[in-house]
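Top to bottom, those sequences are chains A and B. Whatever position you read off the first sequence (first residue = 1), add 690 for the numbering used here. Whatever position you read off the second sequence (first residue = 1), add 10 for the numbering used here.
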Amino acid sequence: GDSVTQMEGPVTLSEEAFLTINCTYTATGYPSLFWYVQYPGEGLQLLLKATKADDKGSNKGFEATYRKETTSFHLEKGSVQVSDSAVYFCALSGDSWGKLQFGAGTQVVVTP
Amino acid sequence: DVKVTQSSRYLVKRTGEKVFLECVQDMDHENMFWYRQDPGLGLRLIYFSYDVKMKEKGDIPEGYSVSREKKERFSLILESASTNQTSMYLCASSPGARPHSPLHFGNGTRLTVT
């Protein structure tokens, strides 16, 4: 079945550092790919998405490119802020109902 | 903005109790989902519904049931709560039959079973 693997955390960074969170997937067909973010005490919010190969999703300074050849969707941000401290989830949607298969989540801690 | 509201942020129940978790969405979405979130496991799908009175099992339905009598409301039922059901439960909704549509999540219910 479909699955998502993302790097384990926690990832601890200083403010203004470069952030990368690796995400790879296994799926049949042509899934849509998503990054969600969960701030402390809240539910998940969509951060960005890509629906086909070579699409780049971007939002709030974060970017991720749908790489079909490497089955990857790595999340990057050039300069993180303390407010980016959260748990980040990579997810894929491979069926017509839009059910999401999630990775385990990566906690990111940004220190001043 | 889509709003998905879960009735309780925190619940504490005893082993063997019947537990109801309620979720309401205000955007006329056809699809609704229940996930549980556990550290190191991410989110796992318990049940989903694509229409009123319709339900489908997700990846971990054992010990749970659901009810969808109205389009806006999707209830998760723990028939006899057990300690291994202590978890964060997240409800979500999305428009029907659109695989690229993101899910909209509620803030979660943290359930503790003692």
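The C-beta atom is built at its ideal place from N, Cα and C for all residues, glycine as well.
Short CB-CB distance (under 9 Å) between residue i and chain B
| i | result |
| --- | --- |
| residue 741 of chain A | yes |
| residue 768 of chain A | no |
| residue 694 of chain A | yes |
| residue 746 of chain A | no |
| residue 758 of chain A | no |
| residue 724 of chain A | yes |
| residue 652 of chain A | Because chain A here runs from 691 to 802, residue 652 of chain A falls outside it and cannot be looked at. |
| residue 765 of chain A | no |
| residue 709 of chain A | no |
| residue 736 of chain A | yes |
Given residue i as reference, the closest of the options once Cα atoms are compared
| i | options | result |
| --- | --- | --- |
| residue 763 of chain A | A:770, A:719, A:777 and A:793 | A:793 |
| residue 64 of chain B | B:124, B:54 and B:77 | B:77 |
| residue 20 of chain B | B:33, B:35, B:104 and B:98 | B:98 |
| residue 775 of chain A | A:784, A:740 and A:709 | A:709 |
| residue 124 of chain B | B:18, B:17, B:23 and B:15 | B:23 |
| residue 699 of chain A | B:61, B:52 and B:86 | B:52 |
| residue 66 of chain B | B:82, B:50, B:49 and B:45 | B:45 |
| residue 711 of chain A | A:738, A:736, A:767 and A:720 | A:767 |
| residue 116 of chain B | B:55, B:122, B:43 and B:58 | B:43 |
| residue 777 of chain A | A:788, A:725, A:795 and A:791 | A:795 |
| residue 742 of chain A | A:757, A:753, A:716 and A:733 | A:757 |
| residue 57 of chain B | B:85, B:93, B:92 and B:122 | B:85 |
| residue 738 of chain A | A:760, A:731 and A:727 | A:727 |
| residue 15 of chain B | A:744, A:734 and A:797 | A:734 |
| residue 79 of chain B | B:90, B:60 and B:105 | B:60 |
Chain A within 9 Å of residue i, Cβ atoms only
| i | result |
| --- | --- |
| residue 73 of chain B | no |
| residue 68 of chain B | yes |
| residue 97 of chain B | no |
| residue 94 of chain B | no |
| residue 46 of chain B | no |
| residue 51 of chain B | yes |
| residue 58 of chain B | yes |
| residue 54 of chain B | yes |
| residue 31 of chain B | no |
| residue 43 of chain B | yes |
| residue 100 of chain B | yes |
Simplified DSSP assignment, three categories, for residue i
| i | result |
| --- | --- |
| residue 695 of chain A | strand |
| residue 16 of chain B | strand |
| residue 95 of chain B | helix |
| residue 770 of chain A | coil |
| residue 743 of chain A | coil |
| residue 709 of chain A | strand |
| residue 794 of chain A | coil |
| residue 120 of chain B | strand |
| residue 716 of chain A | strand |
| residue 25 of chain B | coil |
| residue 726 of chain A | strand |
| residue 756 of chain A | coil |
| residue 732 of chain A | coil |
| residue 113 of chain B | coil |
| residue 32 of chain B | strand |
| residue 702 of chain A | strand |
Contact test: residue i Cβ vs the ligand NAD heavy atom, cutoff 8 Å
| i | result |
| --- | --- |
| residue 724 of chain A | The ligand NAD is absent from the structure shown, which contains no ligands of any kind. |
| field | In chain order, each beta strand (DSSP E) run of at least 3 residues that lies wholly inside the segment 42-81 of chain B | value | 52-59 and 74-80
| request: May I ask you to list, following chain order, the residues of the segment 12-23 of chain B that have a beta carbon less than 9 Å from some beta carbon of chain A? | output: 14, 16 and 19
| field | Proximal residues, the segment 770-795 of chain A versus chain B, C-beta separation under 7 Å | value | 779, 783, 785, 786, 787, 788, 789, 790, 792, 793, 794 and 795
| Which residues, in chain order, does the segment 102-121 of chain B contribute to contact with chain A at a C-beta distance below 9 Å? | 102, 104, 105, 106, 107, 108, 109, 110, 111, 112, 113, 114, 115, 116, 117 and 118
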